[in-house]
Structure formats: C-alpha cells, structure tokens
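J.: Residue numbers (my numbering): 14 to 234. Here a beta-carbon is modelled for each residue, glycine too, at the ideal position from N, C-alpha and C. Dumping the structure here so I can ask a few things about it.
Following this line, the structure appears as structure tokens:
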C-alpha cells in the first residue's frame, strides 16, 4: 500500500512539474526523483522518528538556484506523502497487501502493527483453539480469546477457566463485523490490541487472519 500511495503521488508530482516547466528536461526529472525519494529517508528509534531525508531536502532547496519552485514543490509533495503514510496507513510489508483484500480490511484499523499472521482451515492450531469451546458458546469470540492467551503464554486448563477469562484476564472488545460467512472481532489484552478475522467452512468457523498491535483511536472510542 505504501508503494501504491508513493507511486501515485510521484506521478502527480511529475504531471504538476510538466505544467510548470514546458520543456522536458531529463536532468530536471532526475533531480526531482532524487529529492522525492530522499524525503522518505528517516532514522527511527522506539520513541521518535528523525526525518533525515526531509531535512536534507530542505537544505538542498536553500542551496539550489535554478528551478527553485519545482524543487520546493517536490519537497512539499514528499512531506505530504510521508505524513499520509505515517499517520493514516499502518507500516506493513507489501507482501501482506497483495495476499488479499481481506488482509487490508483488518490492518487498516491499526496505527501500529507488531505482526500479521494467517492460518489455514486445516491447521491443527484451529482444533487447539476450540479445545474447551462448547457449541452453545460464541465460538469465534472464544477462539480469539484462546489464541490471545496462548500468544501471551497464559495457560487455560478447562472450559470454566476459559469462560471466566474475559473478566479475570482483563480482556475486552467488540464484534466489528458479522456476516453469514465471516466475522471480525476486536479484543484488547493488557493494552495489546488484537483483531481476528474468522471465516466459515461447512458451518464451522476458523481463524484466518490475526493482527496484533495498536488500533486507531476511533475504533475503541
């Protein structure tokens, strides 16, 4: 998704430059491309991000004398693109996006993502998640609870313990979407957000996608 957004903005930038600069100049295009790509360079730590590329782009802008307006436009486009990518789209690998539209349906609800996992219907893990779940329970909801407890190395020793987990283990959440063949469930465990996407096969639900991270604020308001 990041590549799609950045590529789209780049083509818009080129179109804008062609409108401002009637002559087609290959050197100018190279400079424009270099500055635009440079704005994406940054140094990240656990607590903050230093936009090294944007700083260098601004310094370059002050030194350049020719085509100053075009260079300024390029830096502005780069800053706007970085803002959109940083604040409105989660930092996920391109491979996850190409896997399915369902994947994006889940990950777009996150600000930050620790991991994205996908599972097959036939995996033994599906049976392990259903181990203490009776037919009269909300099966996907308790499957996600089971997954979260396993993910955090919390042992569950029976049906009764599983059913009391939402209260005793500080689990809270909501069902985001429910259709005839799909359910999307959000749960929070000790400040960690999970969203699970379940699909039904022959009337039986199975966990297809789970994302762990920090969801967007509006989802939990």
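#1: Give me, in chain order, the residues of the same chain whose beta-carbon lies closer than 6 Å to that of residue 152; leave out the 5 immediate sequence neighbours on both sides.
#2: Less than 7 Å separating the Cβ of residue 133 from some heavy atom of the ligand GDP?
#3: I need the DSSP call for residue 193, collapsed to helix, strand or coil.
#4: What residue range does the alpha helix (DSSP H) around residue 70 cover?
#5: Between which two residues does the alpha helix (DSSP H) carrying residue 8 extend?
#6: Do the stretch 154-162 and the stretch 177-192 meet, that is, are 3 or more Cβ pairs less than 8 Å apart?
#7: Could you tell me which residues DSSP puts in a beta bridge with residue 119?
#8: Smallest Cα separation from residue 118: which of 198, 27 and 23?
#9: For the stretch 84-95 and the stretch 42-55, state whether three or more C-beta atom pairs, one from each stretch, are separated by less than 8 Å.
#10: Note the first and the last residue of the continuous beta strand (DSSP E) segment covering residue 221.
#11: Apart from the five residues on each side of it in sequence, which residues of its chain come closer than 6 Å, Cβ to Cβ, to residue 188?
#12: Assign residue 79 to one of three DSSP states: helix, strand, or coil.
#13: DSSP three-state label for residue 97, please.
#14: Output the boundary residues of the beta strand (DSSP E) element that contains residue 210.
#15: At what residues does the alpha helix (DSSP H) containing residue 172 begin and finish?
#16: Which residues in the same chain as residue 54 place their Cβ atom closer than 7 Å to its Cβ, once the five residues preceding and following it in sequence are excluded?
#17: Please determine, among 229, 194 and 204, the residue with the shortest C-alpha to C-alpha distance to residue 213.
#18: When DSSP labels each residue in this structure, what does residue 133 get in the three-state scheme?
#19: Find the nearest neighbour of residue 191 within the set 225, 207, 154 and 144, judged by alpha-carbon distance.
#20: Would you check if the distance between the CB atom of residue 229 and the CB atom of residue 122 is smaller than 8 Å?
#21: Within 10 Å of its beta-carbon, does residue 25 have 16 or more other beta-carbons around it, so buried, or fewer, so exposed?
T.: From the atom records:
#1: What you label residue 152 is simply residue 139 of the chain shown in a count that begins at 1. Excluding the 5 residues flanking it on each side, residue 152 has same chain C-beta neighbours closer than 6 Å at 146 and 218, in chain order.
#2: This structure lacks the ligand GDP; in fact it carries no ligand of any kind.
#3: Counting from 1 along the chain shown, the entry for residue 193 is found at position 180. Secondary structure of residue 193 (DSSP, three-state): coil.
#4: Indexing the chain shown from 1 puts residue 70 at position 57. That run of the alpha helix (DSSP H) goes 65-76.
#5: Residue numbering for the chain in the displayed model covers 14 to 234; residue 8 lies beyond these limits and cannot be assessed.
#6: The stretch 154-162 is in contact with the stretch 177-192.
#7: Taking the first residue of the chain shown as position 1, residue 119 is located at position 106. Beta-bridge pairing by DSSP links residue 119 to no other residue.
#8: Numbered from its first residue, the chain shown carries residue 118 at position 105. Nearest option by C-alpha distance: 198.
#9: Below 8 Å, enough C-beta pairs join the stretch 84-95 and the stretch 42-55 to call them touching: three or more.
#10: Working through the chain shown from its first residue, we reach residue 221 at position 208. Where residue 221 is concerned, the enclosing beta strand (DSSP E) stretches over 217-228.
#11: The residue given as residue 188 occupies position 175 in the chain shown. Closer than 6 Å at the Cβ level, and outside the excluded window around residue 188, lie 198.
#12: Position 66 of the chain shown, counted from the first residue, corresponds to residue 79. In the three-state reduction of the DSSP assignment, residue 79 falls in the coil class.
#13: Numbered from its first residue, the chain shown carries residue 97 at position 84. Helix at residue 97.
#14: Taking the chain shown and counting its residues from 1, one reaches residue 210 at position 197. 205-214 is the span of the beta strand (DSSP E), which, as asked, contains residue 210.
#15: Translated into the one-based positions of the chain shown, residue 172 becomes position 159. Secondary structure note for residue 172: its alpha helix (DSSP H) is the uninterrupted segment 172-176.
#16: The count along the chain shown starts at 1 and reaches residue 54 at position 41. Counting only residues of its own chain and dropping the five nearest sequence neighbours on each side, residue 54 has a CB closer than 7 Å to the CB of 65 and 66.
#17: Within the chain shown, residue 213 is the residue found at index 200, counting from 1. The candidate whose alpha carbon is nearest that of residue 213 is 194.
#18: In the chain shown, counting from the first residue as 1, residue 133 sits at position 120. Three-state result, residue 133: coil.
#19: Within the chain shown, numbered from 1, the residue matching residue 191 stands at position 178. Per the Cα distances, 154.
#20: Walking along the chain shown from the start, residue 229 turns up at place 216. Walking along the chain shown from the start, residue 122 turns up at place 109. Cβ atoms of residue 229 and residue 122: closer than 8 Å.
#21: By 1-based counting over the chain shown, the position of residue 25 is 12. Answer is exposed; the Cβ neighbour count stays below 16.
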